[in-house]
Structures are given as C-alpha cells and as structure tokens.
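Single-structure report; data block below.
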Amino acid sequence: MVMSNPDLTHPYPRPDGTDNPTHEPSEEELCALYAAFAAMPDNLSPPDFLGDPPNLKAAMASPQSSEWTTPLQEEFDSLKKHKVYTLIPRSEVPAGRKIMHGKPLFKLKRDFLGNLARYKARHVRKGYEAISIWEGL
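So the mapping is simple: my numbering equals the position in the sequence shown, first residue as 1, plus 3.
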C-alpha cells in the first residue's frame, strides 16, 4: 500500500493523473528483482584489481595486464583502419609545430549484477594542445 501525504505534492503529476511520486512495484517487477537477487553468489569476493587503471603503466603492472593488451590493440587497429591519424617520423615534423599527445583510458565494463563483462580501452588526445583556427587570423 502506498501512503500519500496530501500536504506534499509532486510538481509534475504522473501519467495516471496522481501527484504521488512514490511507486509501488508490480508483481512482475518484484519477481524480476527477486530473481536477480537470488542469482547473486553468496560469497562475493573482490577481484585482484577493483578499479580502472589510471594509466598505461598501471594497466600493464596489474594482474590483468594480458586482458588489457587486447582491447588496446583493437583500439589502435580501429584508429588506423578509419585513418584517424597519420604517423610521421619526428624528424619530419615542421619547425614550430608541436606533436599532439594522447593517452589510453581503461574501463572495466560490468553487467547489471556487477560481474566483469569486458575490458575496454580508448585512446584520447589532449585537446588543449590543438591549434585553434582563430590563432592564424
């Protein structure tokens, strides 16, 4: 049973016309929540490395270093396939120009129960190093 206080009204009424912000779950929703709870293991032990590694050095020093190399290689292959950048030797960089730097970002993706689903790596550029088009005007 949902208790409502007539003095406290919600500023946005619900689609059914009531202004009560509380929600009483249906029997189907309760069954789904119970099934998800029942499927959880009794002894949830934390993995060796709980968080996302902050940099490449930490990722390669972690116990999961072999798992991080595959998504990182896939990210670089994707960048190369889509011709996001052109690799040139440092000696060919024009005078007065800077090389843009970047870094890999690592993320552990988990499912709705908190189990590890996959390892994800992205390579991002440091945007503040980019040259503004207005600088030359």
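Glycine included, C-beta positions come from ideal geometry on N, C-alpha and C. Source: prediction; values computed, not measured.
Proximity winner among the options, relative to residue i (alpha-carbon distances)
{"i": "MET103", "options": "LEU116, TYR88 and LEU111", "result": "TYR88"}
{"i": "GLY117", "options": "VAL96, GLY105, PHE79 and GLY54", "result": "GLY54"}
{"i": "ALA39", "options": "PHE115, TYR122, ARG121 and LEU90", "result": "PHE115"}
Status (buried if at least 16 other CB within 10 Å, exposed otherwise) for residue i
{"i": "HIS13", "result": "Because the pLDDT at HIS13 is just 48, under 50, the model does not fix this residue reliably, and the point stays unresolved."}
{"i": "PRO92", "result": "exposed"}
{"i": "ALA120", "result": "exposed"}
C-beta contact flag for residue i and residue j at 8 Å
{"i": "LEU75", "j": "ALA35", "result": "no"}
{"i": "VAL127", "j": "LEU111", "result": "no"}
{"i": "GLU132", "j": "LYS101", "result": "yes"}
{"i": "SER65", "j": "PRO57", "result": "no"}
{"i": "SER68", "j": "ALA62", "result": "yes"}
{"i": "GLY105", "j": "LYS129", "result": "yes"}
{"i": "TRP71", "j": "TYR122", "result": "yes"}
Quiz prompt | Ordered list of alpha helix (DSSP H) runs contained in the segment 59-133, each at least 4 residues | solution = Along the segment 59-133, the alpha helix (DSSP H) occurs as fully enclosed runs of 4 or more residues at 59-64 and 68-84, listed in sequence order.
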